[in-house]
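With the sequence shown counted from 1, adding 739 to any position gets you this note's numbering. All residues carry an ideal CB built from backbone N, CA and C; glycine is no exception. Below: one structure, written as structure tokens.
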Amino acid sequence: RVLEIGVGAGLLMAHLASGVEEYWGTDLSAQVIDALRGQVAERPELSDRVTLRAQAADVTEGLPEGFFDVVIVNSVVQYFPHGDYLAEVLQKALSLVVPGGAVFVGDVRDRRLLRTFRSAVQLHGAEPDSDPARLRRAIEQDVVLEKELVVDPGFFTAFAA
């Protein structure tokens, strides 16, 4: 039994749902959930095993506690507002898994690599004769103005302790 928090376009669901007993997906967007319900309706083999709910990642009402073998939080952490929210989502996810179950967190942007990433983006778009000082300023500005959540891997070590 799988719960995917932040099911989005349903890419994982499309590949996993037919091979599991139950697949639950949540997403903040009701429009996304409605679209996915339409996709599920077109696949009769999924209709009795897929449950979709429009709700925020930190909302667990309506989700059975101690029920899921795995909770997936993939490619959504960057949209969380801050680390405390991430910790809350993970803590609640842990309450939803069976003993011995797992919470899988994937595609998390590494805070330690933010400057490197922003440098690569700036350098990719730069002309060969670009002013190095201007590039450094642009990189610094990109780092300061980063809107997505980036997480130091130590966060997960501390959370697990």
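Run through the DSSP bridge pairs and tell me what residue i is partnered with.
| i | result |
| --- | --- |
| F807 | V836 |
| R792 | T765 |
| F843 | I811 |
| D849 | V890 |
| L711 | Residue numbering for the chain in the displayed model covers 740 to 900; residue 711 lies beyond these limits and cannot be assessed. |
Return yes when the Cβ of residue j is within less than 8 Å of the Cβ of residue i, no when it is not.
| i | j | result |
| --- | --- | --- |
| I772 | A832 | no |
| L853 | E885 | yes |
| V844 | V836 | no |
| V779 | S768 | no |
Please report how far the alpha carbon of residue i lies from the alpha carbon of residue j, in whole angstroms.
| i | j | result |
| --- | --- | --- |
| R857 | P783 | 45 Å |
| W763 | D891 | 29 Å |
| L775 | D870 | 48 Å |
| D849 | A877 | 20 Å |
| H863 | D846 | 22 Å |
| R873 | T855 | 16 Å |
Run the CB neighbour count on residue i, radius 10 Å, all protein chains shown included, and call it buried at 16 or more, exposed below.
| i | result |
| --- | --- |
| T765 | buried |
| F819 | buried |
| Q830 | exposed |
| L750 | exposed |
| Q880 | exposed |
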